[in-house]
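What follows is a set of notes on a single structure, which appears directly below.
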Amino acid sequence: MIKYSLKGSEEVVNFSYDKKTKTEVIVQFENQLLPEVKVLKKHQLFSGKSGEIYAELNPKREGVIYLGLGHSKKLDNDELRLAGFKLNQGLTQKKVKKAHLSFKSLTETKKVLSAFVEGILHGNYSFDRYKSEPKEKVDVLLSLNGIKEYQSFIIEVTNLVNGVNIAKDFVNTPAFDLYPENYAQKIQDLFKDSAVKVEVYNQAQIEELGMKGLLAVAQGSAREPRFVVMSYMPNKESEEHLTFVGKGLTYDSGGYAIKPASSMVTMQCDMAGSAAVVGALKAISDNKLPVNVVAVTAMAENLISGKAYKNGDIISSMKGTTI
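Using the working numbering, read the sequence shown as starting at 2 and increasing by one per residue.
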């Protein structure tokens, strides 16, 4: 069995193999409906469109669930992800904790499984860390018949989605709870005991490097900036590497070119580029991909104060050019 669980999340998807449950998920193409499903279509209850769900369940949440995959000749990764996403949401809403799903009727099982499982796991995400009454969580066990040989492949997809969810969590965290100092520390904690080396530069070190552009943006905030370098170098014989660069403004008011109030509500999202970089590197390292990667992000808050840079100021940069 594979257990998927994002750290800090109470929602879990478990995958097991060849274990029949009392609730069966039957996938249906809209152009290849079973006779009993055609009756449902006649009564406009189910047509087989991608992501469409129809359930016939008893009070114990046992029975049959029909899942639409759209047209068999138009099946693509987006349709499969949507179907997996909708299935997870449907099982959760109907409080179905165990279901059996067979892929035997589908060709290109590995390709289908990748996108479908990705959709299932994306459907499991929610961010309710700050809610006084979080929504009810339901653990889901999906028995995937006939695909035990793809267990390692499912782990790869799980690691990929875990990286995406880590990025989502960072982006969704309000600025009062995520700022340069603790953001850098969270990245260090995330990659602790992993193949990723994390170097964090504090304000004094940033000044020594001459990163005046970053310092100018940060000088209006009471919080110090940080510069983070993450290195994943499994191929020791080569110095060639991919480079990921992500913007890390944990809050951007616009400074003295201040943004309208309504536009500042979500400006903690200005660090989404850095979150994407961190999540991608987490997925790459967890899947042990044989590619060298160096990722960098500059972190700061862009705020207003007596120390903030002013409109019209000329700012130097590490490169030596002026801004």
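Heads up, the beta-carbon is just placed ideally off N, CA and C, and yes, glycines get one too.
Membership of F228 in the beta strand (DSSP E) is indicated by the continuous run 227–233. Within the same chain, Q220, G221, G256, Y257 come within 7 angstroms of A309 by CB-CB distance, once the 5 residues on both sides are set aside. N163 has its alpha-carbon roughly 35 angstroms from the corresponding atom of K213. Distance from the CA atom of I207 to the CA atom of V201, rounded to whole angstroms, is 10 angstroms.
Straight-line measurement puts the Cα of N203 at about 11 angstroms from the Cα of L216. Only residues of its own chain outside the window of five on either side were considered, and among them A276, A277, V279, G280 have a CB closer than 7 angstroms to the CB of A168, listed in chain order. Taking a contact to require three or more Cβ pairs closer than 8 angstroms, the region 266–276 and the region 151–160 do not qualify as touching. Scanning its chain for C-beta atoms nearer than 7 angstroms, with the 5 sequence neighbours on each side dropped, one finds around L34 the residues K42, G49, in chain order. Rounded to whole angstroms, the Cβ separation of E302 and Y180 is 6 angstroms, and the two are in contact under 8 angstroms. The C-beta separation of M300 from P226 comes to about 6 angstroms, placing the pair in contact by the 8 angstroms criterion. Looking at the DSSP output, M300 shares a beta bridge with R227, G249. DSSP places L114 within a helical segment (H, G or I) once states are collapsed to three.
Membership of L215 in the alpha helix (DSSP H) is indicated by the continuous run 213–219. Using a Cβ distance threshold of 8 angstroms, V229 and T298 count as a contacting pair.
Secondary structure note for T24: it is in no alpha helix (DSSP H), and the uninterrupted beta strand (DSSP E) holding it is 24–29.
Rounded to the nearest angstrom, the Cβ distance from L282 to V294 is 6 angstroms, consistent with a contact under 8 angstroms. The Cβ-Cβ distance between I305 and I259 falls below 8 angstroms.
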